[in-house]
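S.K.: Residue 245 in the numbering used here is what sits at position 245 of the sequence shown, and the numbering runs on without skipping anything.
Every residue gets a Cβ at the ideal spot worked out from N, C-alpha and C, and that includes glycine.
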Amino acid sequence: MPSMPFGKKKAGKGKEEAGGRKAGGAEATGSAAIAARAAQAASAAQTAPEPSEAEVELGTLRRRVALYRRILERYREMIEKAETKTVTELRTLIVPDDPEVVKLRDEILEAFRPYIYQQHFEAAAHKAYEFVLGEVANEELPVDYWLEPRDIIELRSADEMDKAVLLCSLLRSLECESAKVVVESNGERHVFVGFEVGGRYVLMDPAHKKVVEGVREDVLMRMFGGGRKNVYEFNDKEYDEIVGGEE
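1) Just reading off the alpha helix (DSSP H) that G198 is part of, what are its end residues?
2) As a quick exercise: from I108, L133, E135, L93, pick the residue whose alpha carbon is nearest that of E122.
3) What is the DSSP secondary structure of G134, counted as helix, strand or coil?
4) Please determine if the segment 53–67 and the segment 113–132 are in contact, where contact requires at least 3 C-beta pairs separated by less than 8 Å.
5) Once DSSP output is grouped into helix, strand and coil, what is the label at V211?
6) Between which two residues does the beta strand (DSSP E) harbouring K229 extend?
7) For P5, count the other beta carbons within 10 Å of its own beta carbon; 16 or more makes it buried, fewer makes it exposed. Which is it?
8) So which of K209, L174, P114 has the shortest CA-CA distance to V191?
9) Less than 8 Å between the C-beta atoms of Y232 and V183, yes or no?
10) For the segment 139–206, list the beta strand (DSSP E) runs that are entirely contained and at least 3 residues long, ordered along the chain.
11) Would DSSP call I71 helix, strand or coil?
12) Cβ of K163 within 8 Å of Cβ of F234?
13) Is it buried or exposed for G225, if we count other Cβ within 10 angstroms and need 16 for buried?
14) Run the CB neighbour count on A124, radius 10 Å, all protein chains shown included, and call it buried at 16 or more, exposed below.
15) Please determine if the segment 136–155 and the segment 192–205 are in contact, where contact requires at least 3 C-beta pairs separated by less than 8 Å.
16) Ends of the beta strand (DSSP E) at D240?
17) So, for I242: in the same chain, excluding its five sequence neighbours on each side, which residues have a beta-carbon less than 8 Å away from its beta-carbon?
18) Within its chain, find whatever has a CB closer than 7 Å to the CB of V143; leave out the 5 residues flanking it on each side and keep chain order.
19) Exposed or buried, which one is S185 when buried takes at least 16 other CB atoms within 10 Å?
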C-alpha cells in the first residue's frame, strides 16, 4: 500500500513561507515607524531652542550652591568653633573707622552738610537705620559665621546680628558714644541697637521695622520683660550685661 504523502514538510514549508512573508512585512512596517520617530526626534532637536546664557549660568550657580552647602555642612563644627567670640572679640566687631563704614557714613551725611551732631545726628541715625533695614536683605547663614561690616556693605545681605553690628558701627561713626548692640539670647536670639539722644533712649530692630523710644528702663522692661534675662550690650568701647531690664 503506497505511503500517504502527508505533505507535512511541504505544508510546513508553505506555512513557514507565509509566516516569513508576514514577519517580513511587520519588520518593514516597524522599521518605517522607527525611522519616522527618529526623523521626528531629529526635527524636534533641530527646532528645540538652545538654553539661554542666563539659564546655563543659573544651572551652574545651582550646582555650585549645592557643592558649597555640602562643604559647609561637613565643616560646620570646625567653622563655628573658630567663630566663637570672647567679650573682647565682640567689641572688635564694631568698627566705626573702617574705610567702607566711613564711606557709607559720608554718603548718608550728604544731606547734612556741614554735619553738626547736636542738630543732625537723630535724622542721620534714622537714615542709617533705613539703609540697614531696606538695603541689606535678611539672610540666615547655614553656619554661625560673623560677617564684618565691609562684607555686609558689599554683599547686601546678613543675619540680624551682623546687621546690628553694621548699624552700631555707623552710629558710632556718626559720633554717637552711647550706641550699642543689644542682644537677648534666651531661647531665640533677638538683636537690637540702642542709643540715647535728646534725653530719650531709642531701640532699633535692624531686621524688622520696629523702633521703640522712651525712658531707657521703661524701654528695656517693655522689650525684655521682668525677671532674669540673658541680655547684654556692647560696642567698641565696652560690654555690659542687663538683667531683668536693669543694668
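M.R.: So, from the listed chains and residues:
1) Counting along the chain, G198 falls outside any alpha helix (DSSP H), and DSSP gives it neither H nor E.
2) Nearest C-alpha to E122: I108.
3) DSSP places G134 within a helical segment (H, G or I) once states are collapsed to three.
4) No, the segment 53–67 does not touch the segment 113–132.
5) V211 carries a strand assignment under DSSP once its states are collapsed to helix, strand and coil.
6) Boundaries cannot be given for K229, as no beta strand (DSSP E) includes it and DSSP labels it neither H nor E.
7) The predicted model places P5 with a pLDDT of 41, which falls under 50 and marks its position as unreliable; any figure quoted below should be read in that light. Under this definition P5 is an exposed residue.
8) Of K209, L174, P114, the smallest CA-CA separation from V191 is found for K209.
9) Going by C-beta atoms, Y232 is nearer than 8 Å to V183.
10) Those beta strand (DSSP E) runs which fall completely within the segment 139–206 and span 3+ residues are 180–184, 190–197, 200–205.
11) Residue state, collapsed to three classes: helix.
12) No, these two residues do not count as a Cβ contact at 8 Å.
13) Around the CB of G225, fewer than 16 other CB atoms lie within 10 Å, so the residue is classed as exposed.
14) Result: buried.
15) Two segments are said to touch when three or more pairs of C-beta atoms, one from each, lie closer than 8 Å; by this definition the segment 136–155 does not touch the segment 192–205.
16) Unbroken beta strand (DSSP E) run through D240: 239–242.
17) Contacts found: V182, L220, F224, K229, V231, Y232, E233.
18) Once the five neighbours on either side are set aside, the close Cβ partners of V143 are L72, R76, I79, E80.
19) Here S185 is exposed: its Cβ has fewer than 16 other Cβ atoms, across all protein chains shown, within 10 Å.
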